[in-house]
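Below: one structure, written as C-alpha cells.
Put into C-alpha cells, the structure is as follows:
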C-alpha cells in the first residue's frame, strides 16, 4: 500500500534571514527521498473528528450542568437546563457510538489501528519509550526511533484516553440511570455505584475524568503541531486524508 | 404526639376490636387504610382489603432496641402525621421493650426484654435504631453491662423480621463517618440470616415506617426492596425527580446565596449544594412533622441523609461535589483540574520555546557543517 515517491534534484539553497519568522524562512525544508504511507483508515478518521466534536460539546454543556454559569429570569416556560441536558445526552450518545466504531476497528483495522498497536507490550517498546521521552526532552533527539503509527508514548496516552472514555461513559450512564431506578442504565451501573461508595463518588470521578479531556488535547494538539513544524512530514493532514510522507531512507520500528 | 393509652391492646384482641374499644371510628380507620394503601403504591381501591387484613391482626409483638444513636429516630416517629392510629399501631403495640418510651428502667426493663423475647420466640418483629460499634470489643455502647452487638444478636435470634430504622442502623451514620473511631457498622453487617428492611434517613419519615409496618401486617411479608435494602414504595424515586422546585432547575433558575432574590422567589437550590439529584427519599411527598414542611420546602438544600456514607460523600453540604482528600489540603475536583490544565498549558509553552531554541541551534550547526564541507570541495 506504500508507493515510493522519490524526489530528485539538489537541495534548494539556504534562504535569507527573516527577522520576523526565523524558523520558517531561514531553513529550507529537508530534502531527500520520501514515500507515502496511509496508516489511518476512513472509519478511524471519521471517528476521530466526530468524537472530538462530541467531546467539545460534552465539555461545554457538562460544565454548565455541573455549575450553571448562565441563568434565566422570569417565569417558566424557560427551559435552559433542560435543553443543555438534552444536548449533553445526545452528544454523549454520539460519543459512545464513536467508541463502538473504534472497538470494531480494533479488530477490523490495519496493523497501526488494531488492538496490539494500543499497548507498548514488547520489550523494544519499553526501550523505545525511554528514547522517545529523551526525544521530547531534546536529549539526542536524532536517536529517537521512527514509527509510522504511534510511538510508545503515544500508545500510552491514547490508550489512557480510551480508558478514561470508558470510565467517563460508565459514570455518566450511572448518573443518567438515577432518574429511572430499575431501568436499563440503573441496573447495569448500580452494583458498581454502591461498590465505590455511592453516586456522589461516581459524580466526582466523572468530573475528574473530564479534566483529562482538557489536558490531553492541549498536549496532543501541541505535539502534533510541533512535529509538523520540526519534521514537515505532513503528519497533521494524515488524520484528514489518512496518510503522510515519510523518509524513504529511514528504518521504521512498526513497519 | 405520643400519649399513654388508656386502652391497652389485649393479647388476643384483634386490631379491629381494639380500635373499636379505643373509640376510633370506622371512618377514621378506613381513611387511615386508604392513606397507607396510597403510600404503599396501591390504589385507594385496595383500602378495604388493607382494612380487612389489619382488622383481623392479632396483637403483634414488637421489640424496639436502641443501640449507638441519638434517639432522633424515635423523636421522628412520635411525630407521625396520623398520631391516633399510627401511634396505636407503632407505639402502643411495640412497647414490649423500648427503653426510651417505656416506664420501666434498669433491671426491670432488661427483665421485660428477656421475658418478651422468651415468650414470643420466633414471632416478634425487631426494630433497631442505632449502629453497632465493634472497635475494642464493642465497649463504646453497652446496656446492662452488655455490648450493643450482644444485645442485637440475642434480640435478632428470635425475630421474624428486622426493621433497621435510620441511617445508623443502615450503615452507621455520623459515628461511622471517617475515621469511624468506634468501628460502627449497620445492622445488616451483623445480622445475616433474617429478612431486614432498611428505613433510611437521619431520621427517616415516620410514615415510611408506619406504612412498612402496615404492609407487613397486611401481607405478612416485607415490601419490595431496592438495591440498598430500602422499600421501593418510599425510596423508589429521587428527590430531584419529585421536587416542587424542579421547574426552576429545568428553567436554569438557581439560588446562589441564601439571602438573594432567587432564594426569596423559591428557585432551585442546586448551586448551593442540594443533593436531591443523588438522594432517594419520599420527602417531597410525605414531608415532615404532620406534613408541615421539609428541608427544600423551607429553603435549605437536601443533604442526602437517606444515602449510605452521606457524611463522607454528601459533604460539604453546600457544594455540589465532595472534596478530594489526600492532597495536603482538601480541594475540589475542578480546582485540581484547572490547576493541572494551567500546568499543562505552561509546560507546553515552555516546551515550545525550548524547541524553538533547539531547532535554531541545530539548524545553525548543520548549516555551519555544510558550509565547512562546501569549502573543502
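Residue numbers (my numbering), protein chains in the order written: chain E, 1 to 255; chain H, 1001 to 1377.
For each residue, glycine too, the CB sits at the ideal point set by N, CA and C.
All values reported here derive from a predicted model rather than from experimental measurement.
Residue pairing by DSSP places residue 1058 of chain H opposite H:1014 in a beta bridge. Shown here, residue 247 of chain E sits in a strand according to DSSP, grouped into three states. For residue 1235 of chain H, the uninterrupted alpha helix (DSSP H) segment begins and ends at 1232–1235.
Assignment of beta-bridge partners to residue 1064 of chain H by DSSP yields H:1098, H:1127.
Listed along chain E are 79, 81, 82, each with a C-beta nearer than 7 Å to that of residue 1250 of chain H.
Close to residue 1307 of chain H, with beta-carbon spacing below 7 Å, are these residues of chain E in chain order: 198. Bounds of the alpha helix (DSSP H) holding residue 1118 of chain H are 1106–1119. For residue 1198 of chain H, the enclosing beta strand (DSSP E) covers residues 1196–1199.
Cβ contact annotation for residue 91 of chain E (same chain, cutoff 6 Å, sequence separation greater than five): 54, 57, 58, in chain order. Residue 1352 of chain H has a beta carbon lying within less than 8 Å of a beta carbon in chain E. For residue 222 of chain E, the residues of chain H that pass the 8 Å Cβ criterion are 1348, 1351, 1352, in the order they occur in the chain. Within chain E, no residue has its beta carbon less than 7 Å from that of residue 1179 of chain H; the closest one is some 15 Å off. Neighbours of residue 1334 of chain H in chain E, taken as residues whose beta carbon is under 7 Å from its own, are 207 in chain order.
Looking from the CA of residue 1305 of chain H, the closest CA among H:1113, H:1275, H:1254 belongs to H:1275.
Look at residue 1140 of chain H here: in three-state DSSP terms it is coil, with no helix or strand label. Out of H:1018, H:1178, H:1045, the CA that lies nearest to the CA of residue 1031 of chain H is found in H:1045. Counting the other Cβ atoms within 10 Å of the Cβ of residue 1210 of chain H gives 16 or more, which makes it buried. Among the residues of the segment 1216–1239 of chain H, those with a Cβ less than 9 Å away from any Cβ of chain E are 1226, 1227, 1228, 1232, 1235, 1236, 1237, 1238, in the order of the chain. Beta-bridge pairing by DSSP links residue 1147 of chain H to H:1142. Annotated as proximal: residue 1185 of chain H and residue 1132 of chain H, with beta-carbon spacing under 8 Å. Contiguous beta strand (DSSP E) elements confined to the segment 205–255 of chain E occur at 244–247, taking only those with 3 or more residues. Taking a C-beta distance under 8 Å as the contact criterion, residue 1067 of chain H and residue 1130 of chain H qualify as a contact pair. What residue 118 of chain E touches in chain H, judged by beta-carbon distance under 7 Å, is nothing: the nearest beta carbon there is about 23 Å away.
Within its own chain, the residues whose Cβ lies closer than 6 Å to the Cβ of residue 1240 of chain H, once the five positions on either side in sequence are excluded, are 1276, 1277, listed in chain order.
Within the segment 165–188 of chain E, contact with chain H at the beta-carbon level (separation under 7 Å) is assigned to 178, 179, 181. Per the DSSP secondary-structure output, residue 1161 of chain H pairs in a beta bridge with H:1125. Per the C-alpha coordinates, the member of H:1284, H:1314, H:1302 positioned closest to residue 1178 of chain H is H:1314. Residue range 34–37 is occupied by the beta strand (DSSP E) that includes residue 35 of chain E.
Annotated three-state conformation of residue 170 of chain E is helix, per DSSP. Rounded to whole angstroms, the gap between the alpha carbons of residue 1251 of chain H and residue 1195 of chain H is 44 Å.
Rounded to whole angstroms, the gap between the alpha carbons of residue 1198 of chain H and residue 104 of chain E is 44 Å.
For residue 61 of chain E, the enclosing alpha helix (DSSP H) begins and ends at 42–66. The segment 1093–1108 of chain H makes no contact with the segment 1035–1055 of chain H, as fewer than three CB pairs between them are under 8 Å. Beta-bridge pairing by DSSP links residue 1225 of chain H to H:1231. About 7 Å separates the Cβ atoms of residue 194 of chain E and residue 1228 of chain H, confirming a contact at the 8 Å cut-off. Take the alpha-carbon of residue 83 of chain E and the one of residue 93 of chain E: they are about 15 Å apart.
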